[in-house]
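Student: Residue numbering for the sequence shown follows my numbering, starting at 583 and increasing by one per position.
For glycine and all other residues, C-beta sits at the position ideal for the given N, C-alpha and C.
Pasting a structure below so you can have a look.
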Amino acid sequence: MCVEFYLLLKPYGAKQSLLAKMIGYSLVMLVAGYIGEAYAPTAANPGMHSIMWGVISTIGWAGIVYEATAGSVAQMAKASGDANLQNAIRLLRNFVLIGWAIYPIGYMLMPGNLLAGFSGSLNIDLLYNIGDAVNKIGFGLVVYQMAITSSRKTSAA
Ligand SMILES: *C/C=C(C)/C=C/C=C(C)/C=C/C1=C(C)CCCC1(C)C
């Protein structure tokens, strides 16, 4: 999905370094999240690892939100002067900010984590599935819409 930010901005001069940065943030988020899940405390080892890794992972997530809100992604969209692009970036940012928040909530519901007490009343798998559906489809639609609008513009020119 970070690649999609890059693809949208590529015609406006996005550099590979931006792609690398966005992929870096997502790697931090996903790798730390993965380690955190693997280290989920057991009865024998009720450590706090999973919370620590969750925090590291959240930093990666915050990095993506930052880039799309005020960092180079946002600045590039602004500099393009293209209202469609700016809209698309803002929508994607909202997906990352609001839609993706489902995953850390699911993570915190894991045994030993911050919200574990609530997990009895919630189905984490279902939560993730709903999140996936909303995020994957929503993200795809925004990018698709943007592609259509900008190709219409190109053919009209
Ligand atoms: C389609 C799949 C998507 C959009 C997956 C997104 C996953 C995340 C935003 C995961 C985030 C996490 C944190 C921010 C902290 C705790 C660990 C994670 C990996 C659940």
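Going along the chain, which residues of its own chain have a beta-carbon closer than 7 Å to the beta-carbon of F677, five neighbours each way excluded?
Tutor: Excluding residues within five positions, the ones whose Cβ falls inside 7 Å are N717, G720, F721.
Student: Would you call the segment 708–715 and the segment 650–667 in contact, with 3 or more CB pairs under 8 Å?
Tutor: no
Student: Just verifying my parser: in three-state terms, what is the DSSP assignment at L704?
Tutor: coil
Student: Can you give me the C-alpha to C-alpha distance between S703 and I617, rounded to a whole angstrom?
Tutor: 25 Å
Student: Could you tell me whether any non-hydrogen atom of ligand 1 is closer than 7 Å to the CB of M634?
Tutor: Checking the 7 Å criterion, the Cβ of M634 is out of range of every heavy atom belonging to ligand 1.
Student: Between the Cα of M604 and the Cα atoms of G694, Q727, L589, Y685, which residue gives the shortest distance?
Tutor: L589
Student: Am I right that A650 and L612 are in contact with their C-beta atoms under 8 Å? What's the rounded C-beta distance?
Tutor: The pair is not a contact, with the Cβ atoms about 17 Å apart (cut-off 8 Å).
Student: What does the alpha-carbon distance come out to for the pair I706 and W682?
Tutor: 14 Å
Student: Could you please give the first and the last residue of the uninterrupted alpha helix (DSSP H) stretch that includes I638?
Tutor: 631–651
Student: Could you tell me whether any non-hydrogen atom of ligand 1 is closer than 7 Å to the CB of G645?
Tutor: no
Student: With a threshold of 7 Å (Cβ to nearest heavy atom), would N695 be considered close to ligand 1?
Tutor: no
Student: What residue does the alpha helix (DSSP H) around P693 start on, and which one ends it?
Tutor: From DSSP, P693 is part of no alpha helix (DSSP H); its letter is neither H nor E.
Student: Under three-state DSSP, which class holds G663?
Tutor: coil
Student: Under the criterion of a Cβ to heavy atom distance below 7 Å, does D664 qualify as lining ligand 1?
Tutor: Incorrect: D664 has no Cβ contact closer than 7 Å to ligand 1.
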